[in-house]
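Accompanying notes for the structure given below.
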Amino acid sequence: MRNNQIIPASDIETLEGASTWIAANSGALLVYGAVAVGIYLVLVGVRAVAWRLVGSPGALEPNSWRAIFGRVLRRTRSFFLAAVAVHLVAAGVPGLAGILPVVRFLFTIAAVVQGAIWVREFALAVVARRAEGEDPHNSTLVSAMGVIRLIINVAIFAIAGIVILDNLGVNVTALVAGLGIGGIAIGLAAQGIFSDLFAALSILFDKPFVRGDVVTVDTLTGTVEAIGLKTTRIRSLSGELVSVSNAKLLDNRIHNLAAIRRRRVVMTVGVIYQTPPDVLESLPAEIGKLAETIPLVTFGQAFLTNFAASSIDIEIIFHVEAAEAKEMMGARQAFMFRLVRRFAELGVDFAYPTQMGFVGGLDGKAVDPLAVPREMTPLP
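Residue numbers (the numbering used here): 1085 to 1464.
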């Protein structure tokens, strides 16, 4: 060794040769080791500054993208930084070309493991962001997160293991093919379980409904009491608890009644044909004024729509700005009471199914029975 120049390590073939090479280059190795330590400390400092810039987890909004980035950044391991430092030094020193393959291999392992940790943390953070708002003590959510964590860990670290084996020179083609065939066999054997499991995950994270919502599925209407990994339990209006397979549940059209923000009311009212035309023409405006006096009611429209067999029909549409059916029914009832009173004030009669008979003369015109002479009135 001269002037901290390392003798090429190409002649190292045995352990004794390696010991001799280290002894001959100890001074230079110490210098470059110090350089590697310095690079490592710089990387650690950069990591600390990045952590500070992102902010502490307690000061960030939970599950925000900044918090997710900080969560991933905090999983940067020291062994990866050390591997980067050693790799930079080894790649920059010509005399270390003989051991560079070993350094590269160790760096590859460290990089693959660190990448797997980053990807795993990011995936779990995104899942947690999607599940935001759920009760953290919900046993179903805890179970689902456990299953998701297991699936993510197995998938990511299996890929990382295959990459490492490939760098070791192992033929991974047969291994990947075997894993694929085994996965297909397991999937076919347990497709019912997996379909319900993934349906449960879809329900938990897509949130077509949550626990406590009133839903209608096919002919079943009830309150969701529990969302399990295989079934969802719904308390029907008649009181019994109904368990529905998650996969079959998502195959049906789901009406979430809890998601209602306002309720639309359509009502048809019939008035008699004897209603004066002027009064009949004023009824839509009168109905609109009447609806606007009722709390929570937003008037839509009122139009004469049909000449029915025994009535002139008026279609009335208004909205009740309330989610509860009880409040909607109360507003509807209040409107009906006021409509009855207003029609009484205007002298408008509600129509009901009736039939009227007329006495006709030979010319086909109606004859008033009271105007017919008594002697001409037919005997009973």
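Think of the CB as a built atom: it goes at the ideal place given N, C-alpha and C, for glycine as much as any other residue.
Asked, Found
"Under the three-state DSSP convention, the category F1421 falls into", "helix"
"Touch test, the region 1371-1380 against the region 1400-1417, Cβ-Cβ under 8 Å, three pairs minimum", "yes"
"Span separating the alpha-carbon of K1314 from that of D1280", "5 Å"
"Within 8 Å, strictly: CB atoms of V1326 and S1320", "yes"
"Reduced DSSP category for G1384 - H, G, I as helix; E, B as strand; rest coil", "strand"
"Reduced DSSP category for V1451 - H, G, I as helix; E, B as strand; rest coil", "strand"
"Residue of V1168, D1397 and A1331 minimising C-alpha distance to G1122", "V1168"
"A1331 versus A1174, A1209 and L1285, residue with shortest Cα-Cα distance", "L1285"
"DSSP three-state assignment for R1337, whether helix, strand or coil", "coil"
"Own chain residues within Cβ distance below 8 Å of L1374, not counting five before or after", "F1419, R1422, L1423 and R1426"
"Per DSSP, the bridge partner or partners of I1236", "Its beta-bridge partners do not exist; DSSP assigns none."
"Complete alpha helix (DSSP H) runs within the region 1295-1334 (minimum length 4 residues, chain order)", "none"
"Whole-angstrom distance between R1136 and G1245, CA atom to CA atom", "33 Å"
"Euclidean distance between Cα positions of N1340 and F1282", "21 Å"
"Environment of Y1357 [buried if 16+ CB atoms lie within 10 Å]", "exposed"
"Contact set for Y1124: own chain, Cβ-Cβ below 7 Å, skip 5 residues either direction", "L1165, A1166 and A1169"
"Cβ neighbour criterion (16 or more within 10 Å) applied to Q1439", "exposed"
"CB of S1395 within 8 Å of CB of A1428, strictly", "no"
"Residues sharing a beta bridge with I1396, DSSP", "V1355 and F1391"
"Helix, strand or coil at V1350 [DSSP, three-state]", "strand"
"Cutoff 8 Å; reference T1389; Cβ partners in own chain excluding five residues on either side", "T1352, D1397, I1398 and E1399"
"Bounding residues of the alpha helix (DSSP H) (the contiguous stretch that carries F1153)", "W1149 to L1157"
"Boundaries of the alpha helix (DSSP H) in which D1362 is found, first to last residue", "P1361 to E1376"
"C-beta contact flag for G1117 and G1139 at 8 Å", "no"
"Within 8 Å, strictly: CB atoms of I1465 and A1209", "No answer is possible for residue 1465: the residues shown for the chain start at 1085 and end at 1464."
"Reference G1129; option with closest CA among S1162, K1291, A1151 and R1345", "S1162"
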